[in-house]
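Below you'll find the structure, written out as structure tokens, and then a few comments.
Number of protein chains: 2
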Amino acid sequence: VGGDDERVAALSGPNHAEEIAAGIPAATVVAATSAELCRRLQAAFSTSRFRVYANTDLVGVELCAAAKNVIAIAAGASDGLGYGDNAKAALMTRGLAEMARLGAAFGADPRTFAGLAGLGDLVATCCSPHSRNRRAGLLLARGVPPAELEQRIGMVVEGVATAPTLQRIGRERGLDLPLTERVCAALEGEAPAAAVELLLAREPGEEF
Amino acid sequence: VGGDDERVAALSGPNHAEEIAAGIPAATVVAATSAELCRRLQAAFSTSRFRVYANTDLVGVELCAAAKNVIAIAAGASDGLGYGDNAKAALMTRGLAEMARLGAAFGADPRTFAGLAGLGDLVATCCSPHSRNRRAGLLLARGVPPAELEQRIGMVVEGVATAPTLQRIGRERGLDLPLTERVCAALEGEAPAAAVELLLAREPGEEF
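First to last, the protein sequences are chains A and B.
Take the first sequence: its letter number 116 is residue 117 in our numbering, and every next letter is one higher.
Take the second sequence: its letter number 155 is residue 156 in our numbering, and every next letter is one higher.
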């Protein structure tokens, strides 16, 4: 987020382009620190099939958009290892909590993470066959070397670049980002199955 | 939730039995108002593959377990109508917010709804082929009469009984539960496609 926030806006949500182009209903968030800019963009982008909600938490929406891709790599790896729906649902729950911890460190609104740009986009990205980041995790679990991921997928996989950046921020600020840490390790060559064992070895205590 | 809360506990989370029986890792929440009872049950049920977290918000965990089935009927109907991943992700996001409003009316801890029994179980129930409630929604969208749902599925579909109960509570307490209202209407014979149009006709404003 740059210094001239009043002129910056972000549009983000569970918005696979393939479905929007087909006219299937979708909802999204437009975020800007200026409520006036939010309203103008909301009016400009809204249609009867594309529902635009306004949120002035620009930094929260931007962090959701970046961080959910890292969690989706982990979700894809879980699927690729055959861990099923229970494990992926638990992983997504912990992933959203990890995203919210990151957001809290930047003063984001916690509600943004429970909204369309947070939870909504996380669900779409972790569960949809359209998701490139999820597919990167699937390929990692099948033994594809990290350096070959983008070539195999044929498109940019944002989470591959985002993961080490979030890891650095997390370490600098002392945040607990266990999924991001394990995705980074897998992108450096650690076997995804070993990552799962490490996560399962964490002591379950109080939920909060 | 009865009066003798100290002796009542609930275990709930993204826990499809088919996967747990197969030894695939899963996580869950054990809830009791007594932290001591929580800890005893946590120790009794924990294994290296079944990770049990403790939460003293008993009423929140119980409400999550009940309400998520109603949202899953809506998610199944969305799938059955061909609405894709974007729309279902938005529906689940709004569904979790609806569950949290219900919880707030009962004094539940808002964090429970972002946890394994809330978000986690919602994801598992709305997305898994194992889910009976999701399947009920799929069948409704395909024109199966509500009275035939349970016979077709061959098992109890909890959300069918829960939806009118939540509707009554919501109306008594003045809560905004639009998905629950539309699920009830569909169970009374309204075409699921008409429900979607009604939901899309709501004015999108501020996200929060």
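Think of the CB as a built atom: it goes at the ideal place given N, C-alpha and C, for glycine as much as any other residue.
Under 7 Å from the C-beta of S13(A): neighbouring residues of chain B
Reading the first sequence from its first residue, position 12 is the one you call residue 13(A). Near S13(A) there are no residues of chain B at all, since even the closest Cβ is about 11 Å away, more than 7 Å.
8 Å contact criterion, which S132(B) and A68(B) should meet: CB distance rounded:
The residue labelled residue 132(B) in the question sits at position 131 within the second sequence. The residue labelled residue 68(B) in the question sits at position 67 within the second sequence. No, S132(B) and A68(B) are not in contact; Cβ-Cβ is about 14 Å, not under 8 Å.
Own chain, CB closer than 8 Å to L59(A), minus 5 neighbours either side, in chain order:
Position 58 of the first sequence, counted from the start, is the residue given in the question as residue 59(A). Taken in chain order, the residues that qualify are V2, D6, V9, A10, A11, A32, A33, T34.
Less than 8 Å between the beta carbons of L176(B) and A106(B), yes or no?
Taking the first residue of the second sequence as 1, we reach residue 176(B) at position 175. Taking the first residue of the second sequence as 1, we reach residue 106(B) at position 105. Against a cut-off of 8 Å, the Cβ pair of A106(B) and L176(B) comes out as a contact.
Separation of G81(A) from R169(A), as counted between CA atoms
As a first step, residue 169(A) must be located in the first sequence, where it is residue number 168. As a first step, residue 81(A) must be located in the first sequence, where it is residue number 80. Between R169(A) and G81(A), the alpha-carbon positions lie close to 27 Å from each other.
Can you find a C-beta in chain A that's less than 8 Å from the C-beta of T94(B)?
Indexing the second sequence from 1 puts residue 94(B) at position 93. Yes - at least one Cβ of chain A is within 8 Å of the one on T94(B).
Any residues in the region 16-30 of chain B with a beta carbon nearer than 9 Å to a beta carbon of chain A? Which ones, in chain order?
If you check each beta-carbon in the region 16-30 of chain B against every beta-carbon of chain A, the ones closer than 9 Å belong to N16, H17, E19, E20, I21, A23, I25, P26, A27, A28, T29, V30.
Proximity winner among L42(A), A88(A), E63(A), relative to V1(B) (alpha-carbon distances)
A question about residue 1(B) goes unanswered here, because the residues of chain B that appear run from 2 up to 209.
Which residue's Cα is closest to the Cα of S79(B): L92(B), N70(B), A109(B)?
Your numbering for residue 79(B) matches position 78 in the second sequence. Closest option to S79(B), Cα to Cα, is L92(B).
Near S129(B), which residues of its chain fall below 8 Å by C-beta distance, leaving aside the five closest residues on each side in sequence?
For the purposes of this step, residue 129(B) is taken as the residue at position 128 of the second sequence. Result list for S129(B): H17, R135, in chain order.
Leaving out five residues before and five after F209(A) in sequence, what residues of the same chain have Cβ atoms less than 6 Å from its Cβ?
For this step, residue 209(A) is matched to residue 208 along the first sequence. Closer than 6 Å at Cβ, skipping near neighbours: no residue.
Test: D86(A) CB closer than 8 Å to a CB of chain B:
If you number the first sequence from 1, residue 86(A) lands on position 85. By this cut-off, D86(A) is an interface position.
8 Å contact criterion, which G104(A) and L64(A) should meet: CB distance rounded
Here residue 104(A) is taken as the residue at index 103 of the first sequence, counted from 1. Here residue 64(A) is taken as the residue at index 63 of the first sequence, counted from 1. G104(A) to L64(A), Cβ: 5 Å. Contact.
Within the continuous beta strand (DSSP E) that includes V31(B), where are the two ends?
The residue you call residue 31(B) lines up with position 30 of the second sequence. Start and end: 27-33.
Applying a beta-carbon distance threshold of less than 7 Å, which residues of chain A neighbour R112(B)?
By one-based count along the second sequence, residue 112(B) stands at place 111. Under the 7 Å cutoff, chain A gives F209.
I need the straight-line Cα distance from L97(B) to T181(B), nearest angstrom please.
Counting from 1 along the second sequence, the entry for residue 97(B) is found at position 96. Counting from 1 along the second sequence, the entry for residue 181(B) is found at position 180. Approximately 12 Å between the Cα atoms of the pair.
Leaving aside the five residues before and after A36(A) along the sequence, list all residues of the same chain whose C-beta is less than 6 Å from its C-beta, in chain order.
Position 35 of the first sequence, counted from the first residue, corresponds to residue 36(A). The residues are T57.
Could you check which residue in E207(B), L42(B), L123(B), R95(B) has the C-alpha nearest to that of G160(B)?
Taking the second sequence and counting its residues from 1, one reaches residue 160(B) at position 159. The option with the nearest alpha carbon to G160(B) is L123(B).
State yes or no: is the beta carbon of G206(A) nearer than 8 Å to at least one beta carbon in chain B?
Within the first sequence, the letter at position 205 stands for residue 206(A). Yes, because at least one Cβ of chain B sits closer than 8 Å to the Cβ of G206(A).
Contact check, L150(A) vs L140(A), beta carbons under 8 Å
Indexing the first sequence from 1 puts residue 150(A) at position 149. Indexing the first sequence from 1 puts residue 140(A) at position 139. Going by C-beta atoms, L150(A) is nearer than 8 Å to L140(A).
Excluding the five sequence neighbours on either side, which residues of its own chain have a C-beta within less than 6 Å of the C-beta of P26(B), listed in chain order?
Counting from 1 along the second sequence, the entry for residue 26(B) is found at position 25. Same-chain partners within the cutoff: R50.
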